[in-house]
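Everything below concerns the one structure shown next.
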Amino acid sequence: MLIVLLVVSAGCLPQPVSPDLSSRPETASREPVRLSGDVHLTEDTFWNDSIVIDGTVHLSKGKTLTIAPGTDIAFVRRDADQDGLGDARLMIDGELVAVGTPAAPIRFHSAEAAPRPGDWLEIHVDFSPRIELRYCEIRHSAHGLHAHFTKGVVEDCVLAENIDGTRLGRSRFTLRNNLIEHNIGKGINFRDSRVEIRKNILRYNRVGIFLFEKDQDSLIQDNNFYDNDLHLRLGDFFTGHLTLSHNWWQGAEAAEAASRIHDRGEDPQIGTVGIAPAGQWIEGSGPRDDLSLTSLWQRETGGFVDALSADDDDTLYAGSWDGTLRALDLNGSVLWTRPLGDVIDAAPAAQDDRLFVQTWGRRVYALDRDNGEILWQWSYPPSAADDHRQGALVTRGDLLLVPTWNGTLYALSLGNGDPRWSLDLGAALRAAPSLDAEALWIGNVHGEVFKIGPAGEILYRSGLGAAVLTPAAISDGGPVFLTRDGVLTALAHDGAVLWRKELGEVCFYAAPVLTGDSMFVATAGGSLWKIDVRNGSVLWRAHLSGAGYATPVVHGGRVYVGDNEGTLQVFNADSGGLLVKQDLPAAIQGGPLVRGEFLAVGVRDGVVHLFRISPSVAIGVSSEVF
């Protein structure tokens with residue numbers, strides 16, 4: 001018998017405090033506690049830090065396993081019985097209390113370098129009076145949470161990349177505000193149980209919910225389902241009728257939603273499902289989040305700040321309408337300034353020890369990142385379009401790509417600025433080129449879009465009907481362009497149209513931003529849209545305080561976006577819930593930057609503002625099991 005007791009006194013936890021924001025404290029790494037073979041926990045046990053399970057850990061009846069926020073529990077893959085599934089598991093005959101926080105979730109996952117579903121078996125629970133999982137992640141298992149004759153709560157958790165996220169039998173559970181995704185079997189699998197399934201997001205699963213047999217008056221309501229192969233499936237032994245109301249089925253009406261529900265319509269031997277869909281995305285779904293922004297400093301410039309970028313060393317580069325480029329550290333100290341003679345409204349590009357920027361004087365500069373010294377400069381001819389908004393510079397290999405007002409795309413040598421090739425694209429280029437694996441894509445103000453090869457050859461061209469003012473977003477399937485009239489067009493890599501979506505709002509300089517299978521678009525009409533990049537369908541729409549000219553930034557599951565009313569807002573990227581609304585003195589027309597716990601934003605009061613992002617330690621959660 002082996003008793004494992006890991007105790008850390010809260011008063012002894014390290015509390016790093018440093019006035020120097022540029023030197024972030026490193027988290028001390030501790031050797032994980034390794035539990036091998038058959039381990040029996042016969043006393044109340046507390047886990048924190050890192051645990052590696054190579055075998056079976058068994059908690060005795062009447063005992064409680066409590067797991068601290070931020071604990072990492074990794075399971076070693078071994079398949080002694082050769083059934084194709086990992087054997088490692090956690091067996092609970094007592095009570096399990098695993099309560100994390102949004103900032104410090106508890107993680108159950110594979111220990112393998114290349115994890116996959118089924119690497120470990122399950123969290124197996126029998127006859128437990130209390131299972132409490134909050135802000136936990138369960139990944140790479142075969143059966144996820146596998147419980148019988150048990151009462152529990154699973155809230156604000158992520159069940160992802162398993163075979164099944166749950167297997168619940170003859171139990172009473174509440175599953176609320178969870179994200180259930182990318183499970184190759186079933187997201188939620190239950191039978192003969194009373195289950196409340198509410199305010200969850202179920203997506204990218206083979207089956208979202210599987211009801212195997214019987215039902216004890218379960219409640220399935222206020223959930224968002226999308227991009228599952230089947231949203232819901234009845235098992236071979238369920239012969240009754242299930243009525244579901246007020247769930248969102250990817251915007252589908254009842255008849256269309258039924259095409260992703262497996263019931264008597266597909267198998268005459270099983271029961272039926274009736275649905276009354278919600279008309280729009282259910283707000284407040286998925287894991288709940290919260291944060292606050294604390295102002296740390298402001299650094300004045302002499303003009304609008306629309307152009308902000310950063311390098312890997314967390315140096316901020318602020319281009320201003322006063323014609324000066326400034327390098328700042330995270331303490332707000334000015335490292336160097338470089339007057340360049342004209343407005344800078346496109347973010348600088350950094351590569352190696354150099355920084356590249358263009359100005360309204362139609363000049364391109366290469367500067368030393370350490371001191372701002374000009375290494376070389378190059379200019380291009382004027383045009384009638386020389387009046388506002390330049391495209392940012394982009395590096396590729398040893399080339400610097402320069403989109404210009406005169407409609408020519410130039411490729412310069414990074415080393416000395418010598419032109420390598422140029423291509424006249426017929427109208428002003430106000431957006432940076434976007435790169436895929438082999439070529440680049442760019443659009444002009446006449447609505448033409450181009451695919452261009454590495455030597456400057458046009459591989460594809462087409463017309464979209466309205467001005468392209470933003471860079472394309474590059475998905476696995478190809479580029480997605482946004483035009484001024486608010487139309488998104490997704491193209492395949494060969495230029496074939498995959499889908500189009502009309503937003504019905506004017507769009508200026510806020511580029512579409514991709515993350516995973518979703519895309520975020522801020523519009524001049526004052527909306528933030530979340531779009532399913534697979535098919536162009538709208539997932540949700542949030543409202544800004546004013547016109548959105550600034551490209552959103554997605555970081556850590558949140559969307560940061562500013563608008564022309566000077567309001568900086570932060571939304572949960574999954575649910576669309578508003579987390580923070582911060583008023584600033586003037587319009588925000590450049591995308592913010594997130595560097596760890598710090599948020600920098602340039603504002604048209606001529607100031608760079610820096611905030612500390614403080615995540616919530618705890619959010620009020622429901623404790624009852626219905």
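The sequence shown begins at 1 in full-length UniProt numbering and counts up by one. No residue lacks a Cβ here, since even glycine has one placed at the ideal position from N, Cα and C.
Please state whether DSSP places residue i in a helix, a strand or coil.
{"i": "SER320", "result": "coil"}
{"i": "ARG172", "result": "strand"}
{"i": "ARG288", "result": "coil"}
{"i": "GLU438", "result": "coil"}
{"i": "VAL257", "result": "Note on identity: in this sequence residue 257 is Ala, with Val being the wrong assignment. If DSSP states are grouped into helix, strand and coil, ALA257 belongs with the helices."}
{"i": "TYR509", "result": "coil"}
{"i": "GLU373", "result": "coil"}
{"i": "GLU112", "result": "coil"}
{"i": "THR395", "result": "strand"}
{"i": "GLN589", "result": "coil"}
{"i": "ASN444", "result": "coil"}
{"i": "PRO348", "result": "coil"}
Within the same chain, show all residues whose beta-carbon is closer than 8 Å to that of residue i, passing over the 5 residues directly before and after it, in chain order.
{"i": "GLY11", "result": "Residue confidence is low: GLY11 scores 30 on pLDDT, short of 50, so the model does not pin down where it sits. Its coordinate-derived value is still stated next. Cβ neighbours of GLY11 beyond the five flanking positions: none."}
{"i": "LEU464", "result": "GLY443, GLY447, GLU448, VAL449, PHE481, THR483, VAL487, THR489"}
{"i": "GLY417", "result": "VAL364, ALA366, TRP376, GLN377, TRP378, LEU400"}
{"i": "ARG500", "result": "VAL487, LEU488, THR489, ALA490, GLY536"}
{"i": "ALA573", "result": "THR515, SER518, PHE520, LYS530, VAL554, GLY557, ARG558, VAL559"}
What is the rounded straight-line gap between the Cα of residue i and the Cα of residue j?
{"i": "ARG203", "j": "LEU399", "result": "40 Å"}
{"i": "TRP378", "j": "ALA366", "result": "9 Å"}
{"i": "ALA524", "j": "GLY286", "result": "28 Å"}
{"i": "THR101", "j": "GLN358", "result": "44 Å"}
{"i": "PHE304", "j": "ALA587", "result": "9 Å"}
{"i": "HIS143", "j": "ILE123", "result": "8 Å"}
{"i": "LEU179", "j": "PRO382", "result": "52 Å"}
{"i": "GLU300", "j": "GLU283", "result": "39 Å"}
{"i": "GLY495", "j": "LEU469", "result": "19 Å"}
{"i": "CYS136", "j": "GLY94", "result": "19 Å"}
{"i": "ARG612", "j": "ASP563", "result": "20 Å"}
{"i": "LEU211", "j": "LEU168", "result": "10 Å"}
{"i": "GLY86", "j": "ASP119", "result": "5 Å"}
{"i": "GLU132", "j": "GLU266", "result": "37 Å"}
{"i": "VAL153", "j": "GLY504", "result": "42 Å"}
{"i": "GLU31", "j": "LEU325", "result": "45 Å"}
{"i": "ALA432", "j": "ARG541", "result": "26 Å"}
Which same chain residues, not among the five before or five after residue i, have their C-beta less than 7 Å away from its C-beta?
{"i": "ALA278", "result": "HIS246, ASN247, TRP248"}
{"i": "GLY271", "result": "LEU234, PHE238, THR239, GLY240, HIS241, LEU242, ASP263, ARG264"}
{"i": "ARG181", "result": "Checking the displayed sequence, the identity of residue 181 turns out to be Glu instead of Arg. Here the set comprises ALA160, ARG203, TYR204, ASN205."}
How should residue i be labelled, buried or exposed, when 16 other C-beta atoms within 10 angstroms of its C-beta is the threshold for buried?
{"i": "GLN216", "result": "exposed"}
{"i": "VAL594", "result": "buried"}
{"i": "ILE458", "result": "exposed"}
{"i": "ASN371", "result": "exposed"}
{"i": "SER164", "result": "What sits at residue 164 in the sequence shown is Asp, not Ser. When all chains shown are included, ASP164 counts as buried."}
{"i": "ASP156", "result": "buried"}
{"i": "VAL125", "result": "buried"}
{"i": "HIS543", "result": "exposed"}
{"i": "residue 627", "result": "This structure leaves residue 627 out entirely; the chain is present only between 1 and 626."}
{"i": "GLY196", "result": "One detail in the question is off: residue 196 reads as Glu in this sequence, not Gly. So GLU196 ends up on the buried side."}
{"i": "GLN280", "result": "exposed"}
Is residue j closer than 8 Å to residue i when the C-beta atoms are compared?
{"i": "LEU41", "j": "VAL57", "result": "yes"}
{"i": "GLN298", "j": "HIS609", "result": "yes"}
{"i": "GLN221", "j": "ARG206", "result": "no"}
{"i": "residue 689", "j": "LEU230", "result": "One cannot answer for residue 689 here, as it falls past the ends of the chain, which runs 1 to 626."}
{"i": "ASP314", "j": "LEU330", "result": "yes"}
{"i": "VAL603", "j": "LEU584", "result": "yes"}
{"i": "ILE261", "j": "LEU293", "result": "no"}
{"i": "ASN177", "j": "ASN200", "result": "yes"}
{"i": "LEU429", "j": "GLY391", "result": "yes"}
{"i": "GLY62", "j": "GLY37", "result": "no"}
{"i": "ALA411", "j": "GLY453", "result": "no"}
Taking only beta-carbon atoms, is residue i less than 8 Å away from chain B?
{"i": "ALA524", "result": "No chain B appears in this structure, which consists of one protein chain only."}
Residues in its own chain within less than 6 Å of residue i by CB, not counting five upstream and five downstream?
{"i": "TYR226", "result": "ARG203, GLN250"}
{"i": "GLY478", "result": "LEU491, ALA492, HIS493"}
{"i": "ARG139", "result": "HIS109, ALA160, GLU161"}
{"i": "ALA98", "result": "ILE67, ILE106, LEU133, CYS136"}
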